[in-house]
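Student: Reminder that position 17 of the sequence shown reads as 17 in the UniProt record's numbering, one-by-one numbering, no gaps.
C-beta: ideal position from N, C-alpha, C; glycine also.
Please read through the structure below; I'll follow up with questions.
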Amino acid sequence: MGSKTTTATAAATSAATRTPPLLRPSLHRHLLLLLLSSLLARPGSALKWIRFHVPEWAVRGGEVMLTCQFDLAQDRLYSVKWYKAGREFYRYVPAEKPPKQAFPFKGVTVDTEKSSAQHVALKGVTLDTAGRYKCEVLTEAPLFKTLVKSSTLMVYELPDGGPKVQGGQEQYRTGEVVNLTCEAPKSIPATTLTWYINDQQAPQDYLVEYHPHPDAEGRIASRLGLRFNAQEWHFPDGRLALRCSASLHPLYRKEAHHEGIVAPRSPLSLGHDASGCSLAVVNVVMVVVSLLLALTTRH
Numbered sequence: 001m002g003s004k005t006t007t008a009t010a011a012a013t014s015a016a017t018r019t020p021p022l023l024r025p026s027l028h029r030h031l032l033l034l035l036l037s038s039l040l041a042r043p044g045s046a047l048k049w050i051r052f053h054v055p056e057w058a059v060r061g062g063e064v065m066l067t068c069q070f071d072l073a074q075d076r077l078y079s080v081k082w083y084k085a086g087r088e089f090y091r092y093v094p095a096e097k098p099p100k101q102a103f104p105f106k107g108v109t110v111d112t113e114k115s116s117a118q119h120v121a122l123k124g125v126t127l128d129t130a131g132r133y134k135c136e137v138l139t140e141a142p143l144f145k146t147l148v149k150s151s152t153l154m155v156y157e158l159p160d161g162g163p164k165v166q167g168g169q170e171q172y173r174t175g176e177v178v179n180l181t182c183e184a185p186k187s188i189p190a191t192t193l194t195w196y197i198n199d200q201q202a203p204q205d206y207l208v209e210y211h212p213h214p215d216a217e218g219r220i221a222s223r224l225g226l227r228f229n230a231q232e233w234h235f236p237d238g239r240l241a242l243r244c245s246a247s248l249h250p251l252y253r254k255e256a257h258h259e260g261i262v263a264p265r266s267p268l269s270l271g272h273d274a275s276g277c278s279l280a281v282v283n284v285v286m287v288v289v290s291l292l293l294a295l296t297t298r299h
């Protein structure tokens, strides 16, 4: 009796050791997944990027296209999702009807008609459209491969018109102060102003800088002064050509011009010069006469 009991107990223990009922099915599934992964991971079968593009800038009131192009290879697409600042605003899921879905987000208005799995069109760009955008691509089970990329978009508000030059004169005398101010209309960000003298960039010590004051929407009107003493070499061919360039690279560039000439010399100064010249002639004549008299006296 005792021998039979011992034998039965040993057999049961051996069977339990050989076939754990809870672990074996899970182990089988894990091995199958590993095998499937190795089969799917052969060369040329990997999900990969073709092109990801978020423009560096967009213009307020305009449109912008976000691009998220990928190669599925032999995988099947589960979803494409777009996020701004960590919040989803657009998704494309082929298995859903309709596959395209946009979510409300301040500053982000999706044009679903122009959007697809690999492109998202935004319309009515505002200052709130600026920010960091992320695209997430996910394939179907069992591997759920993922691609993720992100980039930042800036929004510009272009100036309404070109720069204007204030001050200045039509004529300048040597040593006279040349004093002008260039101002560009409000923009976001502020335009960059540059002064040129006869097509050469003005020296830094000629410039007068003004502190910018943004309005309630953050727009800034740029101002830059130019002040220097006119010298003869500032007037090649008798002209002084001044130019103010306003730019928001690479969207905007406009210029304003100012020209001056050398002022004619006054009649009074001309009279002084003429008198000086006459006096010099008289002096020469007197010297010559004195020499002649001296020679005559000797003879």
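Using a beta-carbon distance below 8 Å, is Ala221 in contact with chain B?
Tutor: No chain B is part of this structure, which consists of one protein chain only.
Student: Which residue comes first and which comes last in the beta strand (DSSP E) that contains Ala202?
Tutor: Your numbering for residue 202 matches position 202 in the sequence shown. Careful: Ala202 lies outside any beta strand (DSSP E) and carries neither H nor E.
Student: How big is the Cα-Cα spacing for Gln201 and Ala230?
Tutor: Within the sequence shown, the letter at position 201 stands for residue 201. Within the sequence shown, the letter at position 230 stands for residue 230. Approximately 16 Å, taken between the alpha carbons.
Student: For Pro163, is the classification buried or exposed, using 16 other Cβ atoms within 10 angstroms of its Cβ as the cut-off for buried?
Tutor: Taking the sequence shown and counting its residues from 1, the one referred to as residue 163 is at position 163. Pro163 should be labelled buried.
Student: Look up Leu180 in the DSSP assignment and say whether it is helix, strand or coil.
Tutor: Translated into positions along the sequence shown, residue 180 becomes position 180. Three-state result, Leu180: strand.
Student: Assign His234 to one of three DSSP states: helix, strand, or coil.
Tutor: Mapped onto the sequence shown, residue 234 falls at position 234. Looking at His234 - three-state DSSP - the assignment turns out to be helix.
Student: Can the beta-carbon of Tyr206 be found less than 8 Å from the beta-carbon of Phe235?
Tutor: Numbered from 1 along the sequence shown, position 206 holds the residue referred to as residue 206. Numbered from 1 along the sequence shown, position 235 holds the residue referred to as residue 235. Cβ distance not < 8 Å, so Tyr206 and Phe235 don't count as in contact.
Student: Could you tell me which of Arg51, Met65 and Gln169 sits nearest to Leu72, measuring between CA atoms?
Tutor: As a first step, residue 72 is located in the sequence shown; it is residue number 72 there, counting from the start. Comparing Cα-Cα distances from Leu72 to each of Arg51, Met65 and Gln169, the minimum goes to Arg51.
Student: Less than 8 Å between the CB atoms is what I'm expecting for Pro214 and Ser222, so what's the real figure, rounded?
Tutor: The count along the sequence shown starts at 1 and reaches residue 214 at position 214. The count along the sequence shown starts at 1 and reaches residue 222 at position 222. Wrong, their Cβ atoms sit about 11 Å apart, outside the cutoff.
Student: Would you call the segment 119–130 in contact with the segment 141–148, where contact means no fewer than 3 C-beta pairs closer than 8 Å?
Tutor: Contact fails: fewer than three Cβ-Cβ distances are below 8 Å.
Student: Helix, strand or coil for Leu158, going by three-state DSSP, please let me know.
Tutor: Reading the sequence shown from its first residue, position 158 is the one you call residue 158. Leu158 falls in the coil class under three-state DSSP.
Student: Could you say which of Thr194, Gly238, His257 and Lys100 lies nearest to Pro264 if we only look at CA atoms?
Tutor: In the sequence shown, counting from the first residue as 1, residue 264 sits at position 264. Residue Gly238 is the option with its Cα nearest to Pro264.
Student: What residues in its chain sit with their C-beta under 6 Å from that of Ser151, if we drop five residues either side in the sequence?
Tutor: The count along the sequence shown starts at 1 and reaches residue 151 at position 151. Val54, listed in sequence order.
Student: Would you mind working out which of Ala241, Thr191 and Asn198 sits nearest Leu248, comparing C-alpha positions?
Tutor: For the purposes of this step, residue 248 is identified with residue 248 of the sequence shown, where counting begins at 1. Among Ala241, Thr191 and Asn198, the Cα nearest to that of Leu248 belongs to Thr191.
Student: Bridge partners of Arg51, per DSSP?
Tutor: Residue 51 sits at position 51 when you count from the first residue of the sequence shown. DSSP, once it has assigned bridges, lists Gln69 as partnering Arg51.
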